[in-house]
Amino acid sequence: MTPFEYLLPYSLDEALSLLDPEDPGIRPVSGGTAIMLMMKAGVLTPTRLVSLHKIGDQHAAIQRNAAGELLIGGMARLADIERHPTVREKCPLLSQALRGVANPRVRAVATIGGNLSHADPHLDMPPVLSALSARVVITGPDGIRTVNAEDFCTGYYETVVKRDELVTQIIVPAQAGPGAYLKLTTRAAHDWPALGIALVLKVADGKVLSSNIFTGAATDRPTRLLQAQSVLEQQGLAETALRAAGEAAVAETTLMEDAHGSVAYKSQLLRIALPRAIDNALRHSRSHA
Numbered sequence: 014m015t016p017f018e019y020l021l022p023y024s025l026d027e028a029l030s031l032l033d034p035e036d037p038g039i040r041p042v043s044g045g046t047a048i049m050l051m052m053k054a055g056v057l058t059p060t061r062l063v064s065l066h067k068i069g070d071q072h073a074a075i076q077r078n079a080a081g082e083l084l085i086g087g088m089a090r091l092a093d094i095e096r097h098p099t100v101r102e103k104c105p106l107l108s109q110a111l112r113g114v115a116n117p118r119v120r121a122v123a124t125i126g127g128n129l130s131h132a133d134p135h136l137d138m139p140p141v142l143s144a145l146s147a148r149v150v151i152t153g154p155d156g157i158r159t160v161n162a163e164d165f166c167t168g169y170y171e172t173v174v175k176r177d178e179l180v181t182q183i184i185v186p187a188q189a190g191p192g193a194y195l196k197l198t199t200r201a202a203h204d205w206p207a208l209g210i211a212l213v214l215k216v217a218d219g220k221v222l223s224s225n226i227f228t229g230a231a232t233d234r235p236t237r238l239l240q241a242q243s244v245l246e247q248q249g250l251a252e253t254a255l256r257a258a259g260e261a262a263v264a265e266t267t268l269m270e271d272a273h274g275s276v277a278y279k280s281q282l283l284r285i286a287l288p289r290a291i292d293n294a295l296r297h298s299r300s301h302a
């Protein structure tokens, strides 16, 4: 392994000062689950790793603001988010989705900020947070900026975060209505998905007032299914409408082939998964009514 610096700053400002916008060999590290795998595979040879473990417990806090939104620190571990009582009460979709991320050992160390910043298109959190209308707070030498979760990933392993910036907080509104995350894998349930569907519906009297529907894994970034949303909002939740939404999703989405399946295979998964995810959301909502 090529030698590299490993630095341990004791504040956010110090950590930011050790990053370099011009040097791709300098990387921040929080949980380290993705970076260690990349280093072992030889696809990453850093010159400097900047550990975020000592920048302050406040950056791992999980709380609510006056508007009822969840404020999740970028250093919050996935397992802590999943088990947090406020998350389970106000945002059950997030808690449910986190239970299926990787395995308990990974969730015990991986952080939400690191997970998002890695931007592997097969990750669960980007489409889930997009469906929840979450916002991502990014801090850098020029100050703080906020972007919508659905705009955070820009491509394969690419995000809007600059090399001298860090994800410091995720803001998640209280879940607006029934939601579900359904991922279809080719092996174990915790494996990388061939396709994922995350959705939140706002429903009244059997009508869909609004919907957020995103697919992941089969696309290079979380992708909103606008035509499928339109079908549901116009036609409702009848079985024929759900099938039509699935067909609309396939027609509007550019899927990508990878080791988990061909475009034709993933098209069929999407066609089947969307109605199933909607049904899961509605059944879960009725069982907790």
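Those letters in the sequence shown? Residues 14 to 302, per my numbering, in order.
We put the beta carbon where it would ideally sit given N, CA and C, even for glycine.
Every value quoted in this text rests on a predicted model; they were computed, and no experiment measured them.
Alpha carbon of residue i to alpha carbon of residue j, nearest angstrom
i, j, result
"glutamine 76", "proline 59", "34 angstroms"
"proline 22", "threonine 267", "42 angstroms"
"alanine 92", "valine 100", "11 angstroms"
"alanine 290", "valine 56", "35 angstroms"
"alanine 79", "alanine 264", "41 angstroms"
"arginine 61", "aspartate 33", "10 angstroms"
"glycine 113", "arginine 90", "14 angstroms"
"asparagine 293", "leucine 283", "15 angstroms"
"proline 235", "proline 140", "5 angstroms"
"arginine 256", "methionine 49", "42 angstroms"
"glutamate 102", "alanine 162", "21 angstroms"
"alanine 123", "threonine 15", "24 angstroms"
"phenylalanine 165", "glutamine 248", "31 angstroms"
"histidine 97", "leucine 107", "11 angstroms"
"leucine 197", "proline 206", "5 angstroms"
"glutamine 109", "leucine 295", "15 angstroms"
"arginine 40", "alanine 54", "16 angstroms"
"leucine 239", "methionine 88", "32 angstroms"
"valine 221", "glutamate 252", "14 angstroms"
Range covered by the beta strand (DSSP E) that runs through residue i
i, result
"alanine 207", "206-217"
"isoleucine 157", "156-161"
"arginine 200", "Neither: arginine 200 is in no beta strand (DSSP E) and is coded neither H nor E."
"leucine 136", "No beta strand (DSSP E) contains leucine 136, which DSSP labels as neither H nor E."
"glutamate 18", "18-20"
"proline 98", "It is not in any beta strand (DSSP E) - proline 98 instead sits in the alpha helix (DSSP H) that spans 98-103."
"isoleucine 68", "Note, isoleucine 68: premise wrong, no beta strand (DSSP E); not H, not E."
"threonine 5", "The first residue shown for the chain is 14 and the last is 302, placing residue 5 beyond what the model contains."
Sheet register partners of residue i (DSSP bridge)
i, result
"asparagine 225", "Val213"
"valine 85", "Per the sequence shown, residue 85 should be read as isoleucine rather than valine. Isoleucine 85 pairs with Ile75, Ile183."
"arginine 90", "Thr124"
"alanine 193", "Leu212"
"valine 150", "Thr159, Gln182"
"glycine 168", "Glu171"
"arginine 40", "Leu62"
"lysine 220", "Ala217"
Identity of the residue in the options nearest residue i by Cα
i, options, result
"glycine 153", "Ser298, Leu25, Arg289, Lys67", "Leu25"
"alanine 73", "Gly81, Lys53, Ile94", "Ile94"
"isoleucine 151", "Ile125, Lys220, Arg296", "Ile125"
"glutamate 35", "Cys104, Phe17, Met52, Lys175", "Lys175"
"leucine 129", "Ala286, Thr181, Met49, Asp70", "Thr181"
"serine 224", "Val63, Ser146, Leu197", "Ser146"
"alanine 231", "Thr253, Gly274, Ala251", "Gly274"
"phenylalanine 17", "Val63, Ala47, Leu29, Leu50", "Val63"
"glycine 69", "Met49, Asp271, Ala294, Gly86", "Gly86"
"cysteine 133", "Gln71, Asp177, Leu208, Gly38", "In the sequence as displayed, the identity of residue 133 is aspartate instead of cysteine. Aspartate 133 has its Cα closest to that of Leu208, out of Gln71, Asp177, Leu208, Gly38."
"leucine 13", "Leu255, Ile285, Asp233", "The question about residue 13 has no answer, for the chain in this structure spans 14 to 302."
"threonine 199", "Ile183, His135, Leu238", "His135"
"alanine 28", "Ser298, Thr15, Val42", "Val42"
"leucine 142", "Val122, Glu178, Glu102, Ala187", "Ala187"
"valine 185", "Leu83, Pro37, Thr46, Pro288", "Leu83"
"alanine 261", "Gly38, Ala272, Ala162, Gln281", "Gln281"
"histidine 297", "Arg96, Gln71, Pro105", "Pro105"
"glycine 156", "Ser30, Leu197, Gln71", "Ser30"
"valine 149", "Gly259, Ile183, Glu252, Asp177", "Ile183"
"isoleucine 226", "Ala144, Leu65, Leu111", "Ala144"
For residue i, the first and last residue of its enclosing alpha helix (DSSP H)
i, result
"serine 64", "First-last for serine 64: 61-64, but that is the beta strand (DSSP E), not the alpha helix (DSSP H)."
"glutamate 270", "Run containing glutamate 270: none; DSSP gives neither H nor E here."
"proline 235", "Counting along the chain, proline 235 falls outside any alpha helix (DSSP H), and DSSP gives it neither H nor E."
"threonine 58", "Premise fails: threonine 58 is in no alpha helix (DSSP H) and is neither H nor E."
"leucine 145", "Note, leucine 145: premise wrong, no alpha helix (DSSP H); not H, not E."
"leucine 50", "46-54"
"leucine 29", "25-30"
Residue-level contact to chain B via CB, residue i, 7 angstroms cutoff
i, result
"aspartate 36", "Of the protein chains in the structure, only one exists, and it is not chain B."
Three or more C-beta pairs under 8 angstroms: does that hold for the stretch 241-258 against the stretch 169-185?
Contact fails: fewer than three Cβ-Cβ distances are below 8 angstroms.
Whether or not the stretch 185-194 and the stretch 209-219 are in contact is what I'm after, with contact meaning three or more pairs of Cβ atoms, one per stretch, closer than 8 angstroms; do they touch?
They touch, by the three-pair rule.
Stretch pair the stretch 104-121 + the stretch 216-226: three plus CB contacts closer than 8 angstroms:
A contact is defined here as three or more CB-CB pairs under 8 angstroms, and the stretch 104-121 fails this definition with respect to the stretch 216-226.
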